[in-house]
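**Q**
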Ligand SMILES: Nc1ncnc2c1ncn2[C@@H]1O[C@H](COP(=O)(O)OP(=O)(O)OP(=O)(O)O)[C@@H](O)[C@H]1O
Ligand SMILES: [Mg+2]
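Residue numbers (the numbering used here): 2 to 333.
(1) From this set, 247, 259, 256, which residue's C-alpha is nearest residue 276's C-alpha?
(2) Can you give, in chain order, each stretch of the alpha helix (DSSP H) that sits fully within the segment 36–91 and has at least 4 residues?
(3) In chain order, what residues of the same chain have a beta carbon less than 6 Å from the beta carbon of residue 12, not counting five sequence neighbours either side?
(4) When you compare each of 54, 142, 121 to residue 67 by their alpha carbons, which one comes out closest?
(5) Three-state secondary structure (DSSP) at residue 201?
(6) Thinking just about the alpha-carbon of each residue, which of 205, 216, 139, 160 is nearest to the one in residue 85?
(7) Excluding the 5 residues preceding and the 5 following residue 159 in the sequence, name in chain order all residues of the same chain whose CB lies nearer than 8 Å to its CB.
(8) Taking only heavy atoms of ligand 2 into account, decide whether any of them is closer than 6 Å to the Cβ of residue 84.
(9) Taking the continuous alpha helix (DSSP H) assigned at residue 102, which residues delimit it?
(10) Please state whether DSSP places residue 16 in a helix, a strand or coil.
(11) Which residues in the same chain as residue 18 place their Cβ atom closer than 8 Å to its Cβ, once the five residues preceding and following it in sequence are excluded?
(12) Could you please give me the residues that DSSP links to residue 159 through a beta bridge?
(13) Who are the near neighbours of residue 109 in its chain, counting only those whose CB is closer than 8 Å to its CB and skipping five residues on each side?
(14) Quick check on residue 30: buried or exposed, where buried means 16 or more other Cβ atoms within 10 Å of its Cβ?
(15) Please look up how many angstroms separate the CB atoms of residue 146 and residue 186, rounded, as I've assumed it's under 8 Å.
(16) Taking the continuous alpha helix (DSSP H) assigned at residue 260, which residues delimit it?
(17) Could you name the residues of the same chain whose beta carbon sits closer than 7 Å to that of residue 101, not counting the 5 residues immediately before and after it, in chain order?
(18) Buried or exposed for residue 6, please, with buried defined as at least 16 other CB atoms from any protein chain shown within 10 angstroms of its CB.
(19) Going along the chain, which unbroken runs of the alpha helix (DSSP H) with 4 or more residues stay wholly within the segment 213–244?
(20) What's the C-alpha gap between residue 96 and residue 172?
(21) Let's see if you can read the secondary structure: which residues bound the alpha helix (DSSP H) around residue 185?
(22) Might you give, ordered along the chain, the residues of its own chain that have their beta carbon closer than 7 Å to the beta carbon of residue 80, omitting 5 neighbours on each side?
(23) According to DSSP, is residue 8 part of a helix, a strand, or is it coil?
(24) Relative to the C-alpha of residue 278, which residue among 254, 48, 241, 253 is closest?
(25) Cα separation between residue 21 and residue 189?
(26) The beta strand (DSSP E) that contains residue 168, what's its start and end?
So this is what it looks like as C-alpha cells:
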C-alpha cells in the first residue's frame, strides 16, 4: 500500500480505476521480470503431476492447444485442476508475455460481473467514474472465465459478440473497443444440460469450445494418488521445522489414501496431506494423521462399496460376458 500512497501523493493516480490500472501494469512488469529471471517457473505444464495414461495424453493436447489461438473449455469436477490447466495453456502460449486475467463468474452478481468484464462509462453507476473492464486489461493476453455456466443471458450475448467480432462496448457507452483476447472458460457442471434447459446459449457453447478438455476425477486415476501424495508431502514439509522432518507415508496410510474416493479431488488430497504434515509426530505420515471422515469413509468403502462403485463393478461383470444382460433383465 506504500506505493499507492506515494503515487497518490505525487498525483500519478487519483481515481480507483487508475489504481486498478496501475495494479495491472505492475503485475505485467512483474511477469516480464520473472520471465527473464525464472523462465522455468512459467512452465506450468510441469506442475501437472500425473502418471495416468489419459492425463498424459491431455498434457500433450494442452501443449498443442497452447500454441493455437483457439478458445478452450475446461470441464471437470471441483478440484481436478481446471485453473492449473488454464495457467498451463496461457503460460505455454505466445501470449505468456501478457496478462492472464481471471474472473470467477459465479462469485459476482449480474451487473457487477458485466461491469467487471466490459467496464462502464462515467455516470453509468450513480456517482461512478468510468472503468475499464477486465477484457480490456487482458488485451493481447488471456481471459480465464471460471464457472462460466452461471452467467446471465445479457453477459452471454455480449460474450458471443466478443468471440465473433473481438468487439465490446462498456456499459452505458457507445464507443466500440476492439480487443485481442484469448478466452479460456471452465465449468464443473454439464453445459449440455444447461443448454437443454435453455439457460445457456448453444451458439456460445460452440464458440467457447472448439477445443474442450475434460479432466477426470481422482477416483478414476487412482495410480496418481501415491505420486500426488508424495509431491504434496515434499511441497508442505518445507514449512516444517528441520528437526521434525517427515520422510514419507506409511504403507497403511497410503492404502487408506488410495481406497478413499476423494470427492474434492486433488484439492482435498493436498489439504489432507498438508494437515497430516502438521499433525505428524514421527518421520512417517500415519493413518491417524488424516481426518476421521477419510478414515471412516475409506473403511466403509472396503466393506460396502459405494452405489456408484457397485454399479461399475456390476457393469464390468456384465460386459465380461459371464452373464447375459438379457437373462438378468428377464429375471427382474
Ligand atoms: N495434476 C495435478 N498436479 C499437481 N497439482 C494439482 C494437479 N491438479 C490440481 N492440482 C492442484 O490442486 C489444487 C486444485 O486445483 P484447481 O484450483 O486447478 O482445481 P479446479 O478444477 O479449478 O477446482 P474448482 O472447480 O473447485 O475451482 C490446486 O492447488 C492445484 O495446483
Ligand atoms: Mg477453479
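In this text, a Cβ means the ideal position worked out from N, Cα and C, and glycines have one as well. Quick caveat: nothing in here was measured; it's all calculated off a predicted structure.
**A** Straight from the coordinates:
(1) 247
(2) 54–67
(3) none
(4) 142
(5) coil
(6) 216
(7) 115, 118, 119, 169
(8) yes
(9) Residue 102 -> not in any alpha helix (DSSP H); beta strand (DSSP E) instead, spanning 101–105.
(10) coil
(11) 130, 131, 132, 133
(12) Note: residue 159 sits in no beta bridge, so no partner.
(13) 117
(14) exposed
(15) 4 Å
(16) 252–260
(17) 88, 91, 142, 143, 145
(18) exposed
(19) 225–238
(20) 27 Å
(21) Residue 185 -> not in any alpha helix (DSSP H); beta strand (DSSP E) instead, spanning 183–188.
(22) 265, 266, 267, 268, 269
(23) helix
(24) 241
(25) 30 Å
(26) 168–170
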